[in-house]
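For the sequence shown, our numbering gives the first residue as 117, with consecutive numbering after it. Okay, so here's the structure we're looking at.
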Amino acid sequence: MVTPLLVAVSATSADLGAARAQMALSLGWHIVLACLGVGMPAITLLAEWRGHRTGDVHYRLLARRWARAMGVLFAVGAVSGTILSFEMGLLWPGLMGTYGEVIGLPFALEGIAFFIEAIFIGVYLYAWERLSPVQHLLSGVPIVLAGVASAFFVVTANAWMQQPTGFTLRAGKVVAVSPWAAMFNPATPPQTVHMILAAFMVAGYGMASVYAVAMLRGRRDRYHRLGLLLPMTVAAVVTPFQIGVGDWAAHFVADYQPVKLAAMEGVFASGRGVPLHLGGIAVDGELRYALEIPYGLSLLAHWDPHAVIQGLNMVPPADRPPVNVVHWAFQIMVGMGMALLLLAAWLAVSWWRRRDLPRTAWFARAAAVSGVAAVVALEAGWVVTEVGRQPWIVFRVLRTADAVNPAPGLVYGFALVTAVYVVLTVATVYVLRRLARDVPVPVAPQEPDVAGYKVV
117 MVTPLLVAVS ATSADLGAAR AQMALSLGWH IVLACLGVGM PAITLLAEWR GHRTGDVHYR
177 LLARRWARAM GVLFAVGAVS GTILSFEMGL LWPGLMGTYG EVIGLPFALE GIAFFIEAIF
237 IGVYLYAWER LSPVQHLLSG VPIVLAGVAS AFFVVTANAW MQQPTGFTLR AGKVVAVSPW
297 AAMFNPATPP QTVHMILAAF MVAGYGMASV YAVAMLRGRR DRYHRLGLLL PMTVAAVVTP
357 FQIGVGDWAA HFVADYQPVK LAAMEGVFAS GRGVPLHLGG IAVDGELRYA LEIPYGLSLL
417 AHWDPHAVIQ GLNMVPPADR PPVNVVHWAF QIMVGMGMAL LLLAAWLAVS WWRRRDLPRT
477 AWFARAAAVS GVAAVVALEA GWVVTEVGRQ PWIVFRVLRT ADAVNPAPGL VYGFALVTAV
537 YVVLTVATVY VLRRLARDVP VPVAPQEPDV AGYKVV
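Encoded structure:
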């Protein structure tokens with residue numbers, strides 16, 4: 117472990133807790149908008165393409181209304197992303213001051229992707245009648261590509277914190293820096309794919325849930341049915357692939373971060389043929405009240421029912437993450453993922469049998485909460501990723517306590533940022549509700565192809 121020379125004084129426990137809470141709040145808030153920024157443009161383009169291909173005005177109306185919401189969410193996400201960029205340097209100078217040259221490349225590339233996305237969002241929003249249908253559709257493609265690229269670049273930086281590579285430490289100094297090796301570290305493939313698929317699930321289920329609520333209120337016209345069907349179909353297609361990628365990510369954790377795996381499953385003692393735990397609470401160095409599936413963890417982690425699983429007893433207590441937080445976050449993530457997989461299968465079976473949505477109100481109810489379920493799974497997954505790495509901010513290289521800003525008063529900064537996010541949340545919800553209740557055609561740009569369609 118290396119303690120950076122930049123941090124000569126340790127932060128108080130209150131300021132350390134405030135810095136961690138502020139980062140958790142900012143990341144947890146921004147990640148939802150980031151997911152919508154990745155998945156929503158692709159779904160919007162799909163609706164526009166279907167509208168041109170079929171001539172169905174409902175698809176075109178959905179595309180235009182989603183584009184308006186997409187513009188609002190992009191603007192708000194730019195604000196929260198800017199806050200995050202400042203927090204990285206202000207709250208964690210021990211990280212950025214020492215290792216900034218190692219992980220600076222993906223942040224620079226993400227900035228380029230962000231500006232490309234911003235430029236083409238402007239073109240897409242204000243060129244409906246100034247470009248041909250094909251040209252306008254193509255103007256949205258860079259938005260999709262830039263959004264996915266932004267997610268990829270940012271997650272590579274987090275993956276580096278899980279598996280730091282691309283540098284050498286000599287006498288506490290970072291030398292022989294290779295930014296490309298740092299960006300393409302062993303954790304990059306599973307983490308980036310897992311995150312990008314999660315973004316499409318959050319966007320798809322989230323968008324569909326809005327129309328499911330409307331259908332439960334009696335709005336069962338074609339506009340609302342397509343508003344549910346199109347994004348949910350995208351999310352349903354992605355879901356089984358996400359389950360497979362999640363298994364890939366779990367195998368990676370088992371091989372590269374066995375302590376995190378032990379916390380995820382509440383395994384305190386190393387052993388062979390370790391069972392899989394469902395539920396349970398860690399008390400006094402053991403997991404209690406859990407339902408055990410014999411040999412399950414060894415089999416899932418290493419494809420061998422008698423494989424050895426390292427327990428938390430392999431590291432000192434100071435090097436262990438908080439077990440109950442990580443364990444239950446993992447349980448919630450898996451539970452929500454499997455529930456969404458069942459919902460996707462329900463939709464697939466109904467479409468295969470009748471080429472229609474399930475007609476029962478229970479499907480609409482499940483669809484109405486699917487957006488929340490996807491967000492909960494997303495947040496729980498990031499809790500596993502980040503809290504499971506503790507006490508390290510850079511795995512086995514730099515402790516979180518050694519990276520935090522030692523300046524006093526971080527508690528007040530946390531209170532201020534919390535107030536900012538409360539205002540952002542209220543303002544965003546207000547604007548989106550106004551868009552949903554407003555006339556379907558904005559003043560600019562003009563939209564004559566949907567001007568005569570009344571949304572109820």
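Note that beta-carbon positions come from the ideal geometry of N, C-alpha and C, so glycine has one too.
Comparing alpha carbon positions, the residue from T214, G382 and W208 closest to A287 is T214. In this structure, DSSP gives V510 an extended state, which the three-state scheme calls strand. The beta carbon of L473 sits closer than 8 Å to the beta carbons of R341, L344, L345, L463, S466, W467 and F479 from its chain, once the five residues preceding and following it are set aside; these are given in chain order.
Apart from the 5 residues on each side of it in sequence, L407 sits with its Cβ closer than 8 Å to the Cβ of H393, L394, G395 and G396 in its chain, given in chain order. The three-state secondary structure of L285, taken from DSSP, is strand. Only residues of its own chain outside the window of five on either side were considered, and among them T281 and G282 have a CB closer than 7 Å to the CB of A297, listed in chain order. Taking R166 as the centre and dropping the five residues before and after it, the same chain places the C-beta of D172, Y175 and L346 closer than 8 Å to its C-beta, in chain order. For V399, the uninterrupted beta strand (DSSP E) run begins and ends at I397 to V399, by DSSP. The beta carbon of V260 is closer than 7 Å to those of P157, A158 and L161 in its chain, skipping five residues each way along the sequence. Bridge partners of L394 according to DSSP: L407.
Residues V431 of the same chain have their beta carbon placed closer than 6 Å to that of V375, with the five preceding and five following residues left out of the count. Leaving aside the five residues that flank A229 on each side, the residues in its chain whose CB is nearer than 7 Å to its CB run, in chain order, A262, A265, S266 and F269. Restricting attention to F202, V527, R505 and R469, the CA atom closest to the CA of A275 is found in R505. Non-local beta-carbon contacts of I232 in its own chain, meaning distances under 7 Å to residues more than five positions away in sequence, involve P258 and A262 in chain order. Residue environment analysis places M311 among the buried positions, since at least 16 neighbouring C-beta atoms fall within 10 angstroms of its C-beta. Taking the C-beta atoms as reference points, G155 is found no nearer than 8 Å to V326. Counting along the chain, the unbroken alpha helix (DSSP H) around R470 starts and ends at V439 to R470. Under the three-state reduction of DSSP, G387 is assigned to strand. Using a 10 angstroms sphere on the CB of P222, the tally of other CB atoms reaches 16 or more, which defines it as buried.
Inter-segment contact for the region 190-202 and the region 248-256 is absent: fewer than three beta-carbon pairs are separated by less than 8 Å.
DSSP lists no beta-bridge partner residue for R246. Secondary structure at V520: coil, using DSSP grouped into helix, strand and coil. In this structure, M348 places its C-beta atom within 8 Å of the C-beta atom of A483. Contact check for M454 and G497: beta-carbon distance about 13 Å, past the 8 Å limit, so the pair fails to qualify. When the five nearest sequence neighbours on each side are left out, the beta carbons in the same chain lying within less than 8 Å of the beta carbon of L456 are those of M317, Y321, A351, T355, S486, A489, A490 and A493, in order along the chain. Looking at the backbone, the Cα of R469 and that of A137 are separated by about 49 Å. Distances from the alpha-carbon of V188 to those of L211, W244, M331 and A234 put A234 closest. Residue burial is scored here from C-beta neighbours: R512 has fewer than 16 other C-beta atoms within 10 angstroms and is therefore classed as exposed.
Here R335 carries a coil assignment [DSSP, helix/strand/coil]. Within the same chain, and ignoring the five residues on either side of V329 in sequence, the residues whose Cβ sits closer than 6 Å to its Cβ are A484. Here A523 is not near I509, since their CB atoms are 8 Å or more apart. Our two residues, L551 and V148, have alpha carbons roughly 19 Å apart in a direct line.
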